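Below is one structure; the comments refer to it alone.
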Amino acid sequence: MTDPPGPLTPEAEQELMRRLISGDEDAARALYGRFGRPVYGLGLRMLGSAGAAEELTQDVFLAAWRKGGRYDAARGRLSTWLMAIAHNLAVDRLRRETGVTRPHLVLVDEVPELPTPGEDEPLMERDAAIRALACLSIAEKQLLARAYFGGLTAREIAEADGIPLGTVKTRLRTALIKVRRANHDKERP
Amino acid sequence: MTCLEVRELLPELAVGVLPARDREEVERHLRWCAGCRKEAGELGDAAATVAFALPPADLPDALRERVVRDVKGAAGAPRKPRRARAAAASALAAAIALGSLGWGAVMADRAGEFEQRAAEANRQRTQALEAFQTILANPLVPEEDLNRQTRLGRLTPTEDGLGGGMALQLLSPRILDFSLVIVNGLDPRDTDRLPYRVEFENGAGEVVRGGHIDELDAEGHAEVFRQFANRDLTGYTLVRVVDGDGVVVLEGRAGAGI
């Protein structure tokens, strides 16, 4: 069975997970085809090496198989669910290996401004993400990147920047709400 | 926690950096509060957007087939080996428990012949692990996987407490995950602290119970063995032994070695 192009409906996402749980190889390939690249990219960005990113990617898809029974398309998108698994596993490793691979500098251009021309269909998700993040200021992008990629808590950021904890929390909330609003404008089919 | 308090913490939850204790409380609230759960889901979507915006990485050629092989292997693991391995895990528990007696005394610092006993304890542990890997060796599971997924760690007392211990976790996509925690040198007369419970925590602050200790022998020794039929122990490396009042008495990291 081939994976249909374009975003999946909630029903199709649920069906894909049902097939994955049963060990369907095509479903595993389809899931990897859709999300392998962002999962691996996240691992590369957060863990800093190809080896660690590969290991993370394998763990994420295996975890998706293990936890697949708990996935409910009515409660959220498959991409969010899978990336949350990937992010949690990566943060866990970062904390375990603090000082080894943890990135200290976060550059603004790590949250890019524009889609790269010529990217193919599976990268539509990225295109949409970039457009949604375009609503953020540079400072907001930096803040999100430090927390999300760097695994820094609001308190750690506040201490590093010498600003009140409440201010960091408010800025983080504001940034996420802006992205949420932008996401709402391009809801799933 | 009220909805207001929970919502203040949701942005940190969404980006995965909410400290463990707050996270536990927030997640408890989300189980019953549909409004906050919806908010948490939407903020989670927003946070995931950051990951999707990353520049596309070149995927290693062989990775896709490794992922497919993992899933296929996990889904297709025959039932018989699962039972055989569960039995092997029980045998391992017994083997390590025997080996741990000498080691426990060392941890409690009650033996004069420290070097000799430590060496003997090491030998016994190595033997038990070798036996374990032999039993579990199976063509389906590459040796390096077994090595990678066997985590050993030493438990040490918190503050000025007594005793010590060890923790072992086996993680495998193909068999049931299991954990074995052995404690020694806790005060057996201090029955008010019973029952002790074993907890495993992951980096996100999520806690899994590893069993409980209802009684200690005269050496302050006990073993807790648990299989996880529906739980993946990946990431749950922080190990704690907590007394009946919730005070952490032993702590360590599975995978840090002993």
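Each protein sequence line maps, in turn, to chains E and H.
Residue 54 in this note's numbering is what sits at position 54 of the first sequence, and the numbering runs on without skipping anything.
Residue 1046 in this note's numbering is what sits at position 46 of the second sequence, and the numbering runs on without skipping anything.
Even for Gly, the Cβ is constructed at its ideal location relative to N, Cα and C.
These numbers were taken from a predicted model, which means no experiment stands behind them.
First through last residue of the beta strand (DSSP E) which encompasses residue i
i: H:G1210; result: 1207-1213
i: H:S1179; result: 1177-1184
i: H:V1248; result: 1248-1253
i: H:A1241; result: The residue asked about is misnamed: residue 1241 of chain H is Val in this sequence, not Ala. 1238-1242 is the extent of the beta strand (DSSP E) around H:V1241.
Beta carbon of residue i nearer than 8 angstroms to that of residue j
i: H:G1153; j: H:G1252; result: yes
i: E:L31; j: E:A64; result: yes
i: E:A28; j: H:K1072; result: yes
i: H:E1024; j: H:V1198; result: no
i: H:A1030; j: H:A1040; result: Here residue 1030 of chain H turns out to be Leu, not Ala, going by the sequence shown. Yes.
i: E:L190; j: H:L1054; result: The shown model of chain E, from 1 to 189, leaves out residue 190 of chain E, and the question about it has no answer.
i: E:F247; j: H:V1247; result: This structure cannot speak to residue 247 of chain E, because chain E is shown only from 1 to 189.
i: H:L1233; j: H:L1180; result: no
i: H:L1012; j: E:L172; result: Contrary to the premise, residue 1012 of chain H reads as Glu rather than Leu in this sequence. A contact, by the Cβ cut-off of 8 angstroms.
i: H:F1052; j: E:A129; result: yes
i: H:A1048; j: E:R37; result: no
i: H:G1185; j: H:V1249; result: no
i: H:P1188; j: H:A1218; result: yes
i: H:G1235; j: H:R1193; result: no
i: E:V179; j: E:A132; result: yes
i: E:Y71; j: H:V1015; result: no
Beta carbon proximity, residue i to chain H, threshold 8 angstroms
i: E:S79; result: yes
i: E:A132; result: yes
i: E:R180; result: yes
i: E:E125; result: yes
i: E:Y32; result: yes
i: E:R188; result: Since pLDDT at E:R188 reaches only 47, below the 50 mark, its modelled position is unreliable, and no value is offered.
i: E:E25; result: yes
i: E:D59; result: yes
i: E:L8; result: no
i: E:R19; result: no
i: E:D185; result: no
i: E:A63; result: yes
Residue i: first and last residue of the uninterrupted alpha helix (DSSP H) it sits in
i: E:G41; result: 25-47
i: E:L60; result: The sequence shown places Val at residue 60 of chain E, rather than the Leu named in the question. That run of the alpha helix (DSSP H) goes 50-67.
i: E:V91; result: 78-96
i: H:V1006; result: 1003-1014
i: E:T199; result: Residue 199 of chain E cannot be examined here, being either before or after the span of chain E that is shown, 1 to 189.
i: E:R70; result: Neither: E:R70 is in no alpha helix (DSSP H) and is coded neither H nor E.
i: H:L1216; result: It is not in any alpha helix (DSSP H) - H:L1216 carries neither H nor E in the DSSP assignment.
i: E:R18; result: 10-21
i: H:A1256; result: From DSSP, H:A1256 is part of no alpha helix (DSSP H); its letter is neither H nor E.
i: E:R146; result: 138-148
i: H:A1053; result: Note, H:A1053: premise wrong, no alpha helix (DSSP H); not H, not E.
i: E:D161; result: 154-161
Local conformation of residue i per DSSP, three classes
i: H:L1168; result: strand
i: H:Y1196; result: strand
i: H:N1202; result: coil
i: H:G1044; result: helix
i: H:G1153; result: strand
i: H:F1228; result: strand
i: H:E1223; result: strand
i: H:T1158; result: coil
i: H:D1061; result: coil
i: H:C1033; result: coil
i: H:L1233; result: coil
i: E:L133; result: helix
i: H:T1191; result: helix
i: H:D1070; result: helix
i: H:D1245; result: coil
i: H:V1017; result: coil
i: E:G151; result: coil
i: H:G1163; result: coil
Test: residue i CB closer than 8 angstroms to a CB of chain E
i: H:A1047; result: yes
i: H:R1066; result: yes
i: H:P1188; result: no
i: H:N1147; result: Residue placement at H:N1147 is flagged as unreliable, the pLDDT there being 44, under the threshold of 50; the coordinate-derived value follows with that caveat. Not one chain E Cβ lies under 8 angstroms of H:N1147.
i: H:V1015; result: yes
i: H:V973; result: There is no way to answer for residue 973 of chain H, as the model of chain H reaches only from 1001 to 1258.
i: H:A1074; result: yes
i: H:T1237; result: yes
i: H:E1251; result: no
Practice task
Mind checking the segment 1192-1211 of chain H against chain E and listing, in chain order, the residues whose C-beta falls within less than 8 angstroms of any C-beta there?
Solution key: Residues N1202, G1203, A1204.
Handout entry: chain B contacts made by the segment 136-148 of chain E, where a contact means CB separation under 8 angstroms
Key = Within the model displayed, chain B is absent; protein chains E and H are what it includes.
Problem - Where the segment 34-57 of chain E meets chain H: residues whose CB sits under 8 angstroms from a CB there - result: Under the 8 angstroms Cβ criterion, the segment 34-57 of chain E contributes G36, R37, P38, Y40, G41, L42, L44, R45, A50, A53, E54, T57.
Practice task
Mind checking the segment 1031-1061 of chain H against chain E and listing, in chain order, the residues whose C-beta falls within less than 7 angstroms of any C-beta there?
Solution key: Hits within the stretch, in order: G1041, E1042, L1043, G1044, D1045, A1046, A1047, A1048, T1049, V1050, A1051, F1052, A1053, L1054, P1055, P1056, A1057, L1059, P1060.
Exercise for the section: Give, in chain order, every residue of the segment 150-168 of chain E whose Cβ lies closer than 7 angstroms to some Cβ of chain H. Expected result: Cβ contacts with chain H come from G151, L152, T153, A154.
Problem - Residues in the segment 1215-1231 of chain H having any Cβ partner in chain E nearer than 8 angstroms - result: If you check each beta-carbon in the segment 1215-1231 of chain H against every beta-carbon of chain E, none falls closer than 8 angstroms.
Handout entry: Residues within the segment 65-97 of chain E neighbouring chain H, beta-carbon criterion of under 8 angstroms
Key = Close to chain H, meaning a Cβ-Cβ distance shorter than 8 angstroms, are the following residues of the segment 65-97 of chain E: W65, R66, K67, R75, G76, R77, S79, T80, M83, A84, A86, H87, N88, L89, V91, D92, R93, L94, R95, R96.
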